[in-house]
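Protein chains in written order, with the numbering used here: chain A, 1 to 403; chain B, 1 to 219.
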């Protein structure tokens, strides 16, 4: 029998039961749609990280406090173990250091007249924009003198500024951070990126102000270091670790209460996080695809029973078992294929909606669409085979006299 | 001989008891004959029809169709034989819904892999007098028209044998008469036709009657 005729017959019977076919396909639609949407979020996050990292340059190191574990027991307050003195010691005692910035950051509410926004307030040194490759778009960054005199000055990230309705014209205006008045001296240039990898939703203040006035902390969130160009980063890392160990009186590197991250580490951590995230979401999506397949199998079993008489007639006039098998298999394949295509459209639409309505940026890769479509076709064949084989095995006489 | 059967036996078990639906049936039908198979319900005439139509295989005995022993062929070969050598006409028409008369008539040719199925199907529908109703679906046709479509479908692969199971059973006497005339005219053109019926008038119009009782041929 001609392939085209089989497809025509299959389409006709699917169209004859529109609602039922649609409901049977719904599982596949949702499955494929969510696989594509989820993978697009994962891919988008990955892209963000890579962009951001490539913008910052590669000779960056970041020292962060870690929970130290002595004989397997965590010693509690150890996340407060990086100090300003540590940062100063690095500048003085480690070779090949270009710039260092202590960082003390926390989230805080910002207020400008009747406008409010929550931002990550980063207390840092004047070297911070140089280390992270940030540029000032309007006004200026704060000065070393302001750092020393604990001036209440702030440089806003581009997103924070627009949230507050502040543009280049409002420089010199005062905003409230945690109820304390700050003068806006500059606005940073937009850097892009999303979520925790964006700096655009931040507000930069002198670290001295952040530590003593805003947050009342005598420890640092992290220390950012820029090595001189061409420096051996591994060596710099080792030197910093050795220095901090001696300052923190740690003999065994196992008990380190800090960790030196380089860009490779950051990339790896970020990739691990997004990979886990993607796998988890993809796994859930794959399960719904499986459930969709079961839905198709269910409907195909009903269809076969309903069309027993038709199977008998076809066999009487010369259909072989494999003709019947082919017919029902193609029917379930069309169902899962159409479901897959609709799902792909839904997934792409969802990922567009997500990227425009939230801070997640998404990226639909052709590979993920192909993967989802191939998978849904496989689901159609796999779950369609049993009903089709059952139809093919039916006895023509039983079918002809079936009422 | 187009059809020769030797000692066909078909048994069914119903619960504890065994029923011999066919109990040693030997018949011969020559090419060009129009034969009626008659008998009360349960006499085995439907089983014989299934056997002659290659829808079923005997438990023992031989069935030669056109000189070929088909009694033990595998299922797929039997499907091919039904497709090429046998045209079925059923009491309840057995047309496929959601397909036009034309598509129904094309179907046997599609399973045979024939080209120009459309042209042959159109001619067959013209022969049975349905030239103007080809695009209609069976659901929108009268019983007589549906049975004509079935006759056209039985004819398209130019079968050696036409098997009709109570072809007028669901029709009023006037349209039944039309179908019988149609079958008679096909027979006049040399077609071998076997009609299973319990209607004595129809049996009388056939050249020959095979009477069944309790799984045996009695006359």
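Quick reminder that beta carbons are idealized off the backbone N, C-alpha and C, glycines included. Computed from a predicted structure; not experimentally measured.
Chain B beta carbons: is any one of them nearer than 8 Å to that of residue 398(A)? By one-based count along the first chain, residue 398(A) stands at place 398. No, its Cβ sits nowhere closer than 8 Å to a Cβ of chain B.
Is residue 148(A) helix, strand or coil when you go by DSSP? For this step, residue 148(A) is matched to residue 148 along the first chain. DSSP places residue 148(A) in helix when its eight states are reduced to three.
Use the C-beta contact count for residue 147(B): other C-beta atoms within 10 angstroms, 16 or more gives buried, fewer gives exposed. Position 147 of the second chain, counted from the first residue, corresponds to residue 147(B). Residue 147(B) comes out buried.
Round the Cβ separation of residue 293(A) and residue 39(A) to the nearest angstrom and send it over; I've been treating them as touching at under 8 Å. Numbered from its first residue, the first chain carries residue 293(A) at position 293. Numbered from its first residue, the first chain carries residue 39(A) at position 39. That belief does not hold up - the Cβ atoms of residue 293(A) and residue 39(A) are roughly 19 Å apart, past 8 Å.
8 Å Cβ cut-off: residues of chain B touching residue 313(A): Position 313 of the first chain holds residue 313(A). Residues of chain B passing the Cβ test: 94, 95, 96.
Distance check for residue 137(A) and residue 106(A), CA to CA, integer angstroms please. Here residue 106(A) is taken as the residue at index 106 of the first chain, counted from 1. Here residue 137(A) is taken as the residue at index 137 of the first chain, counted from 1. When rounded, the distance between both Cα atoms is 24 Å.
Have a look at residue 382(A) and residue 365(A) and give me their C-alpha separation to the nearest angstrom. Counting from one through the first chain, the residue named residue 382(A) turns up at place 382. Counting from one through the first chain, the residue named residue 365(A) turns up at place 365. Each residue's alpha carbon lies about 26 Å from the other.
Find the residues of chain A that neighbour residue 111(B), judging by a C-beta separation of less than 9 Å, and give them in chain order. Translated into the one-based positions of the second chain, residue 111(B) becomes position 111. Per Cβ cutoff of 9 Å: 1, 314, 317, 318, 319, 320, 323.
For residue 29(A), which residues from the same chain have a beta carbon less than 7 Å from its beta carbon, with the 5 sequence-adjacent residues on both sides left out? Taking the first residue of the first chain as position 1, residue 29(A) is located at position 29. Contacts found: 339, 342, 343, 346.
Listed in chain order, which residues of the stretch 69-86 of chain B have Cβ atoms closer than 8 Å to some Cβ of chain A? 75, 76, 79, 80, 82, 83, 84
In chain B, which residues lie less than 7 Å from residue 5(A) when you measure between Cβ atoms? Locating residue 5(A) in the first chain gives position 5, counting from the first residue. Near residue 5(A) (Cβ distances below 7 Å), the residues of chain B are 110.
List the residues of chain A whose Cβ lies closer than 9 Å to the Cβ of residue 50(B), in chain order. What you label residue 50(B) is simply residue 50 of the second chain in a count that begins at 1. Neighbours of residue 50(B) on chain A, chain order: 396, 397, 400.
Are there 16 or more other CB atoms within 10 angstroms of the CB of residue 180(B), so buried, or fewer, so exposed? As a position in the second chain, residue 180(B) is number 180, starting the count at 1. Buried, by the Cβ-count rule.
If you scan the stretch 230-256 of chain A from start to end, which runs of the alpha helix (DSSP H) of 4 or more residues do you find wholly inside it? 233-247
What does a CB cutoff of less than 7 Å around residue 154(B) pick up in its chain, not counting 5 residues either side in sequence? By one-based count along the second chain, residue 154(B) stands at place 154. Closer than 7 Å at the Cβ level, and outside the excluded window around residue 154(B), lie 87, 88, 89, 162.
What residues are listed by DSSP as bridge partners for residue 192(B)? Taking the first residue of the second chain as 1, we reach residue 192(B) at position 192. Partner(s): 161(B).
What are the residues of the stretch 135-169 of chain B that lie near chain A, defined by any Cβ-Cβ distance shorter than 9 Å? 153, 154, 157
Quick check on residue 372(A) - is its C-beta less than 8 Å from some C-beta in chain B? Residue mapping note: residue 372(A) aligns to position 372 of the first chain, counting from 1. It does not: the Cβ of residue 372(A) has no partner Cβ on chain B nearer than 8 Å.
Taking DSSP's pairing of strands, which residues face residue 176(A) in a bridge? As a position in the first chain, residue 176(A) is number 176, starting the count at 1. BP columns for residue 176(A) point to 111(A), 181(A).
Three-state class that DSSP yields for residue 33(B) in the structure shown: For the purposes of this step, residue 33(B) is taken as residue 33 along the second chain, with counting starting at 1. Here residue 33(B) sits in coil by DSSP.
Along chain A, which residues have their Cβ under 9 Å away from the Cβ of residue 221(B)? Look at the range of chain B in this structure, 1 to 219, and you will see that residue 221(B) is not part of it.
Check each candidate in 96(A), 208(A), 118(A) and name the one with the smallest Cα separation from residue 125(A). Numbered from 1 along the first chain, position 125 holds the residue referred to as residue 125(A). The shortest Cα separation from residue 125(A) among 96(A), 208(A), 118(A) belongs to 208(A).
Coarse secondary structure for residue 212(B), derived from DSSP in three states: As a working note, residue 212(B) is residue 212 in the second chain. Three-state result, residue 212(B): strand.
May I ask which residues mark the beginning and end of the beta strand (DSSP E) holding residue 9(B)? Numbered from 1 along the second chain, position 9 holds the residue referred to as residue 9(B). Start and end: 3-14.
Interface residues of chain A around residue 56(B) at Cβ under 9 Å? Walking along the second chain from the start, residue 56(B) turns up at place 56. Result: 395, 396, 397.
For residue 173(B) and residue 223(B), the rounded distance between their alpha carbons: As shown, chain B starts at 1 and ends at 219. That puts residue 223(B) outside it, with no answer to give.
Can you tell me whether residue 187(B) is buried or exposed? The criterion is at least 16 other CB atoms within 10 Å of its CB, across all chains shown. Position 187 of the second chain holds residue 187(B). It is buried - the Cβ of residue 187(B) has at least 16 other Cβ atoms within 10 Å.
Starting from residue 258(A), trace the beta strand (DSSP E) both ways and give me its first and last residue. On the first chain, position 258 is the one that residue 258(A) refers to. That run of the beta strand (DSSP E) goes 258-262.
Comparing the C-beta of residue 376(A) with each C-beta of chain B, is any distance below 8 Å? Here residue 376(A) is taken as the residue at index 376 of the first chain, counted from 1. Not closer than 8 Å to any Cβ of chain B, the Cβ of residue 376(A) fails to qualify, so no.
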